[in-house]
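A short worksheet on the structure shown next.
Number of protein chains: 2
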Amino acid sequence: MLFGSAMDATVAAEPEFTPPTAKKPMLLCFNENPLGLSDGAKKAIEESTSRASRYPFAQVGAIKKELAQYMGTQPDNLLLTHGSAEAIRASVEAYNVPGKTVFVYPELTYSDGADVAKRNHIPVKTVKMGPNWSIDLAALRKLAAQQAKSKHVIVYIVNPNNPTSTIVNTQALFDWIKTKPKNTFFILDEAYAEFVNDPSFKSAGELIKEGYNNLVVLKTFSKIFAMAGMRLGFAYAAPAVIDNIENHVAYEVMMNQATLAAATAELKDKEFLAKSKAMNDESRKILLATLDELHIPYLPSETNFVFMDLKVPLKPFADRMKEEHILVGRPFPPATQWCRVSLGTPDEMKYFVQKLKEFRQKGFI
Amino acid sequence: MLFGSAMDATVAAEPEFTPPTAKKPMLLCFNENPLGLSDGAKKAIEESTSRASRYPFAQVGAIKKELAQYMGTQPDNLLLTHGSAEAIRASVEAYNVPGKTVFVYPELTYSDGADVAKRNHIPVKTVKMGPNWSIDLAALRKLAAQQAKSKHVIVYIVNPNNPTSTIVNTQALFDWIKTKPKNTFFILDEAYAEFVNDPSFKSAGELIKEGYNNLVVLKTFSKIFAMAGMRLGFAYAAPAVIDNIENHVAYEVMMNQATLAAATAELKDKEFLAKSKAMNDESRKILLATLDELHIPYLPSETNFVFMDLKVPLKPFADRMKEEHILVGRPFPPATQWCRVSLGTPDEMKYFVQKLKEFRQKGFI
Numbered sequence: 001m002l003f004g005s006a007m008d009a010t011v012a013a014e015p016e017f018t019p020p021t022a023k024k025p026m027l028l029c030f031n032e033n034p035l036g037l038s039d040g041a042k043k044a045i046e047e048s049t050s051r052a053s054r055y056p057f058a059q060v061g062a063i064k065k066e067l068a069q070y071m072g073t074q075p076d077n078l079l080l081t082h083g084s085a086e087a088i089r090a091s092v093e094a095y096n097v098p099g100k101t102v103f104v105y106p107e108l109t110y111s112d113g114a115d116v117a118k119r120n121h122i123p124v125k126t127v128k129m130g131p132n133w134s135i136d137l138a139a140l141r142k143l144a145a146q147q148a149k150s151k152h153v154i155v156y157i158v159n160p161n162n163p164t165s166t167i168v169n170t171q172a173l174f175d176w177i178k179t180k181p182k183n184t185f186f187i188l189d190e191a192y193a194e195f196v197n198d199p200s201f202k203s204a205g206e207l208i209k210e211g212y213n214n215l216v217v218l219k220t221f222s223k224i225f226a227m228a229g230m231r232l233g234f235a236y237a238a239p240a241v242i243d244n245i246e247n248h249v250a251y252e253v254m255m256n257q258a259t260l261a262a263a264t265a266e267l268k269d270k271e272f273l274a275k276s277k278a279m280n281d282e283s284r285k286i287l288l289a290t291l292d293e294l295h296i297p298y299l300p301s302e303t304n305f306v307f308m309d310l311k312v313p314l315k316p317f318a319d320r321m322k323e324e325h326i327l328v329g330r331p332f333p334p335a336t337q338w339c340r341v342s343l344g345t346p347d348e349m350k351y352f353v354q355k356l357k358e359f360r361q362k363g364f365i
Numbered sequence: 001m002l003f004g005s006a007m008d009a010t011v012a013a014e015p016e017f018t019p020p021t022a023k024k025p026m027l028l029c030f031n032e033n034p035l036g037l038s039d040g041a042k043k044a045i046e047e048s049t050s051r052a053s054r055y056p057f058a059q060v061g062a063i064k065k066e067l068a069q070y071m072g073t074q075p076d077n078l079l080l081t082h083g084s085a086e087a088i089r090a091s092v093e094a095y096n097v098p099g100k101t102v103f104v105y106p107e108l109t110y111s112d113g114a115d116v117a118k119r120n121h122i123p124v125k126t127v128k129m130g131p132n133w134s135i136d137l138a139a140l141r142k143l144a145a146q147q148a149k150s151k152h153v154i155v156y157i158v159n160p161n162n163p164t165s166t167i168v169n170t171q172a173l174f175d176w177i178k179t180k181p182k183n184t185f186f187i188l189d190e191a192y193a194e195f196v197n198d199p200s201f202k203s204a205g206e207l208i209k210e211g212y213n214n215l216v217v218l219k220t221f222s223k224i225f226a227m228a229g230m231r232l233g234f235a236y237a238a239p240a241v242i243d244n245i246e247n248h249v250a251y252e253v254m255m256n257q258a259t260l261a262a263a264t265a266e267l268k269d270k271e272f273l274a275k276s277k278a279m280n281d282e283s284r285k286i287l288l289a290t291l292d293e294l295h296i297p298y299l300p301s302e303t304n305f306v307f308m309d310l311k312v313p314l315k316p317f318a319d320r321m322k323e324e325h326i327l328v329g330r331p332f333p334p335a336t337q338w339c340r341v342s343l344g345t346p347d348e349m350k351y352f353v354q355k356l357k358e359f360r361q362k363g364f365i
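Line by line, the protein sequences give chains A and B. UniProt numbering puts the first residue of the first sequence at 1, with every later residue one more than the last. UniProt numbering puts the first residue of the second sequence at 1, with every later residue one more than the last.
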């Protein structure tokens, strides 16, 4: 199974911290939002049940207007999808010229894009990571240019990147896209962008606003919006790009009433989003203070998870954490001694760092 | 817009009948279930909000077991999809051999399969309808056999058919599939099968149980389960067929927590399903009695809608019904004088037939 035994566990978000148990483990494994849905979203879902037997045409129109406002764009720049999983699949398929396409991506990143490419018989070509598991943009650009001489190239970049938690250099990325390299289409997966603190970061959405049509930005309600279990993502691109990608979904107008209700409520709830961001910052601070104290190296986190260097293999560490009813991220080769820890609530992180300290005392790390 | 102005209207299911208004029109246009979600499903959705921020891995596993039991099969015969829209898209794409495939279907049927084919640049070939807008299985079989000599053929049959409400001859259909015609794959869309009363009808699922792997049966929770706005469908086929179709969805494990909760509740609620079926039978009876009285011809309905011959063009009739705040089905050429009326509640049908009688008095029909 892709996600291992953690797939059997689903834990409700709880306001009061209780130590994890076998039945209710602490889920620091899936980069979910530990706050849970906003109260407004919960209420909106409950109200939506009276519409659940009806197709959601009117609601889809309404949320697209709301979302366009949130993104500072127009509805025809947006395509709603069932999670960003569907957006990734449809984007890759939309820009696949069968038999002529190559998928270019960094070797240590979210696997979904490459998985879709492989299922579509698109050859995938990876670029080795740069120093400190950074995405080597220069090498990616070089490889893409080389391939684009005879092939169509899809470049897939997750920014900030999963599992490394880091951002790429905005200027270098934008410079590359702005040259409009021939036969090259960029998929920028910005699932974690709302968590970024680094002021140099810019969403590639800025290039779409400037009129570029050689890229799509993919977003999700699973992270800052705390809706991983509600499955809503979207693509943001030039209208012609959106039309192309829309050809590869079923019916965009067929979305889930409960999801649309929740997402609409959260889009309007600036307070919840701010709280979600602030909590993430606080939890990160708690974790990083202990990692510093224990001299455990980590990458600069611009996301709701931290990638840390155990300096010992991941598996025994993860197994021992599991014995403590804490589930951490899966293996991400080739970073075999690194562990991805999703940020829980501040209380959860206090509990987790206590375990880290105990592990150090026991000589496990 | 595909569905016209009715897309702007969404009406909550109400236990008490109130005459339709401009704001709350009577929706007899989308073959939705007027009962609305079961109370158990509503409660289950409300409970699911505490899990909405978590990925639904455990819940997907659980419902697949429940659904397998309901269908009398095994979980690996089933693939969950975002409505049957995704199942149709993925099934067509899974059996498309690019450049070599032809899509064969009856000219008067649900358009989604053919739309997917066209978007995938698959040539579509239709067969004219038989007497009384029946699906001409013999002609379909002949065309498919002819095409299969040099092409791969996807045959798409909706059974019972939409918009005609009728079933095909089970024996003739099964005989055809059982001959395992070369280069031919069958997509049997059985969205309305639970409403059938004709004892000769059998689900093509029986052939899957017998081991045939040249077909897939597509099902939905949108109709008898009253979950059109929750987007859950599934494919039922041999495990190898399911694996093939699964390659064309994103992540099957990524379904909606609220949807899974509602569907699980309804799968267990035999009483609700029986009530839904009984209400549909009652509503159909009310409508057909008036159609008989007014000598308005109709096809034998095995679904939650009735296809009736106005003997005058549909548009002015539909426009006048809209003035009465009743929305009927869209045009289905070439049956330009026929109207598809979705069955509402018995109270709604009593109101609707009264309007039909008034229309007759006014000479509109």
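Ideal placement from N, C-alpha and C gives every residue a C-beta, glycine not left out.
Quick one: what does DSSP say residue i is sitting in, helix, strand or coil?
{"i": "R340/B", "result": "strand"}
{"i": "L299/A", "result": "coil"}
{"i": "Y351/A", "result": "helix"}
{"i": "K149/B", "result": "coil"}
{"i": "K275/B", "result": "helix"}
{"i": "A58/B", "result": "helix"}
{"i": "V306/A", "result": "strand"}
{"i": "K125/A", "result": "strand"}
{"i": "L2/A", "result": "A caution first: L2/A carries a pLDDT of 35, below 50, which makes its placement in the model unreliable, though a value can still be read off. Looking at L2/A - three-state DSSP - the assignment turns out to be coil, as it is neither helix nor strand."}
{"i": "T164/A", "result": "coil"}
{"i": "L37/B", "result": "coil"}
{"i": "L267/B", "result": "helix"}
Roughly how many angstroms lie between the CA atoms of residue i and residue j, to the nearest whole one?
{"i": "R330/A", "j": "N183/B", "result": "42 Å"}
{"i": "Y298/B", "j": "P123/B", "result": "32 Å"}
{"i": "V216/B", "j": "A265/A", "result": "39 Å"}
{"i": "K151/A", "j": "H248/A", "result": "21 Å"}
{"i": "V196/A", "j": "E302/A", "result": "4 Å"}
{"i": "E206/A", "j": "A237/A", "result": "10 Å"}
{"i": "A258/A", "j": "T259/B", "result": "8 Å"}
{"i": "T18/B", "j": "M321/B", "result": "17 Å"}
{"i": "A235/A", "j": "E46/A", "result": "27 Å"}
{"i": "V328/B", "j": "R231/B", "result": "22 Å"}
{"i": "T345/B", "j": "Y351/B", "result": "10 Å"}
{"i": "S5/A", "j": "I286/B", "result": "Since pLDDT at S5/A reaches only 45, below the 50 mark, its modelled position is unreliable, and no value is offered."}
{"i": "E93/B", "j": "F185/B", "result": "12 Å"}
{"i": "A172/A", "j": "L137/A", "result": "7 Å"}
{"i": "A68/A", "j": "A204/B", "result": "44 Å"}
{"i": "A85/A", "j": "D347/A", "result": "31 Å"}
{"i": "F332/A", "j": "S342/A", "result": "14 Å"}
Compare the beta carbon distance of residue i and residue j with 7 Å and say whether it is the shorter of the two.
{"i": "R360/A", "j": "F307/A", "result": "no"}
{"i": "A261/B", "j": "A44/B", "result": "yes"}
{"i": "V153/A", "j": "V102/A", "result": "yes"}
{"i": "P163/B", "j": "I135/B", "result": "no"}
{"i": "A144/B", "j": "V158/B", "result": "no"}
{"i": "K202/B", "j": "T170/B", "result": "yes"}
{"i": "N214/A", "j": "A240/A", "result": "no"}
Which residue or residues does DSSP assign as beta-bridge partners of residue i?
{"i": "P181/B", "result": "According to DSSP, which records beta bridges pairwise, P181/B is partnered with nothing at all."}
{"i": "T220/A", "result": "G233/A"}
{"i": "T101/B", "result": "H152/B"}
{"i": "S26/B", "result": "As written in the sequence, residue 26/B is Met, which differs from the Ser given in the question. The partner list for M26/B (beta bridge, DSSP) reads I326/B."}
{"i": "F225/B", "result": "Partner(s): none; F225/B has no beta bridge."}
{"i": "D189/A", "result": "V158/A, L218/A"}
{"i": "P106/A", "result": "V127/A"}
{"i": "L79/A", "result": "A235/A"}
Say yes only if the C-beta of residue i is nearer than 6 Å to one or more non-hydrogen atoms of the ligand FAD, and no if none qualify.
{"i": "G329/B", "result": "With respect to the ligand FAD, the structure shown offers nothing to examine, as it has no ligands at all."}
Chain A contacts from the region 211–245 of chain B (Cβ-Cβ distance under 7 Å) = Under the 7 Å Cβ criterion, the region 211–245 of chain B contributes A226, M227, A228, G229, M230, R231.
query = Using a beta-carbon distance cut-off of less than 7 Å, what residues from the region 45–63 of chain B approach chain A?
reply = Only I45, E46, T49, S50, R51, A52, S53, R54, Y55, P56, F57, A58, Q59 from the region 45–63 of chain B bring a Cβ to less than 7 Å from some Cβ of chain A.
request  = Select from the region 245–262 of chain A all residues with a C-beta closer than 8 Å to any C-beta belonging to chain B, and list them in chain order.
outcome  = Residues are counted here when their Cβ sits less than 8 Å from a Cβ of chain B; for the region 245–262 of chain A these are N247, H248, V249, A250, Y251, V253, M254, M255, N256, Q257, A258, T259, A262, given in chain order.
query = At a Cβ cut of 8 Å, what residues of the region 25–46 of chain A count as close to chain B, listed as they run along the chain?
reply = Within the region 25–46 of chain A, L27, F30, E32, N33, P34, L35, G36, L37, A41, K42, I45, E46 place their CB atoms closer than 8 Å to a CB of chain B, listed in sequence order.
Residues in the region 64–92 of chain A having any Cβ partner in chain B nearer than 8 Å = Within the region 64–92 of chain A, the residues whose Cβ lies closer than 8 Å to some Cβ of chain B are H82, G83, A85, E86, I88, R89, listed in chain order.
request  = For the region 89–117 of chain A, enumerate the residues whose C-beta is nearer than 7 Å to any C-beta of chain E, in chain order.
outcome  = Reference to chain E is not applicable here, since the protein chains of this structure are A and B.
task = Below 7 Å between beta carbons is the criterion; list the residues of the region 326–360 of chain A that meet it against any residue of chain B, in chain order.
result = Cβ contacts with chain B come from no residue of the region 326–360 of chain A.
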